[in-house]
Amino acid sequence: MIWLTEDIEFPPYELTTDDGIIALGGDLSEERLTYAYKNGIFPWFSEGDPIVWYCPYERMVLFPNEIKVSKSMRKVIKNNEFTITENKAFKEVIYNCKNITRSDGFGTWITDDMEQAYINLHKAGVAKSIEIWLNDELVGGLYGLEINTIFCGESMFSKISNASKLAFIHLAKTKNYTLIDCQIYNEHLESLGAREIDRDSFLKILKA
13 MIWLTEDIEF
23 PPYELTTDDG
33 IIALGGDLSE
43 ERLTYAYKNG
53 IFPWFSEGDP
63 IVWYCPYERM
73 VLFPNEIKVS
83 KSMRKVIKNN
93 EFTITENKAF
103 KEVIYNCKNI
113 TRSDGFGTWI
123 TDDMEQAYIN
133 LHKAGVAKSI
143 EIWLNDELVG
153 GLYGLEINTI
163 FCGESMFSKI
173 SNASKLAFIH
183 LAKTKNYTLI
193 DCQIYNEHLE
203 SLGAREIDRD
213 SFLKILKA
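Counting from 1 along the sequence shown, just add 12 to a position and that's the residue number in this note's numbering.
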């Protein structure tokens, strides 16, 4: 394992471990996080552990023109029951992503330091959010980083059925991104059209 220094740099991709870890340590400064995402690297660790940086060999992505909208979701969209906003409640979105109970366990990796780091990135105009409202109540949403024409998705939440799906579909259909980075395989996102591509292909698109 390679430990990072104060310098804003990462080891060569060839040194990534079999499970996708490229480095340990460092910090969650705005500069380091932005540099990491621009190079296809993201942090994922638990409270109390050192920061673990990943750059997996297989990348789960969505090409927006491949989004799958089911018949039931088309009905939800047509009914126009929900209100969709962008960047209106970033703090609330990441708070819910961090604290909502999930059957898959995802979300618990958002530590207090991570939460504040992404709030700082939002203030800097790098991190973005999509919010889903029902009767003025925030019921779903997602957040991530905007790197050139790529949206690097971080997490989503849903308090009621279809809310996070609606946020994801809105992101794919209205924001004109070249690619949405979903990081690692997720069965739920696969059902919406996301698929895995190899790291080299992902990095080529990211750095184009």
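Think of the CB as a built atom: it goes at the ideal place given N, C-alpha and C, for glycine as much as any other residue.
| Asked | Found |
| --- | --- |
| If you drop the 5 nearest sequence neighbours on each side, which residues of the same chain put their C-beta closer than 6 Å to that of Leu157? | Tyr49, Val138, Ala139, Cys164 |
| Please classify Lys177: is it buried, with 16 or more other beta-carbons within 10 angstroms of its beta-carbon, or exposed? | buried |
| Nearest by alpha-carbon distance to Ile144: which of Glu104, Trp65, Leu40 is it? | Glu104 |
| What residue does the beta strand (DSSP E) around Met72 start on, and which one ends it? | 70 to 74 |
| Using beta-carbon positions only, say whether Leu74 and Leu201 come within less than 8 Å of one another. | yes |
| Does the distance from the C-beta atom of Tyr66 to that of Ile53 stay below 8 Å? | yes |
| How big is the Cα-Cα spacing for Gly37 and Tyr47? | 15 Å |
| Can you tell me where the alpha helix (DSSP H) holding Thr186 begins and where it ends? | 175 to 186 |
| Closest by CA to Asn99, which one among Lys187, Ala206, Leu218, Ile217? | Lys187 |
| So, are the CB atoms of Glu208 and Met72 less than 8 Å apart? | yes |
| If you compare alpha carbons, which of Asp31, Pro23, Val81 is closest to His182? | Val81 |
| Considering only heavy atoms of the ligand ZN, does any lie closer than 7 Å to the CB of Leu74? | This structure lacks the ligand ZN; in fact it carries no ligand of any kind. |
| Taking Leu27 as the reference, which of Tyr69, Gly153, Met126 has the closest Cα? | Tyr69 |
| Given that a residue counts as buried once 16 or more other Cβ atoms are within 10 Å of its Cβ, and exposed if not, what is Glu166? | buried |
| Which residue wins for smallest C-alpha separation from Arg211, given the options Leu204, Phe169, Ile196? | Ile196 |
| Beta carbon of Ser58, beta carbon of Trp121: below 8 Å? | yes |
| Take Ile34 and list the residues in its own chain whose beta-carbon comes closer than 8 Å to its own, dropping the five residues that flank it on each side. | Ile14, Phe22, Pro23, Tyr25, Leu27, Thr28, Ile53, Trp65, Tyr66, Cys67 |
| In angstroms with no decimal places, state the Cα-to-Cα distance between Gly32 and Asn147. | 42 Å |
| Just verifying my parser: in three-state terms, what is the DSSP assignment at Ala206? | coil |
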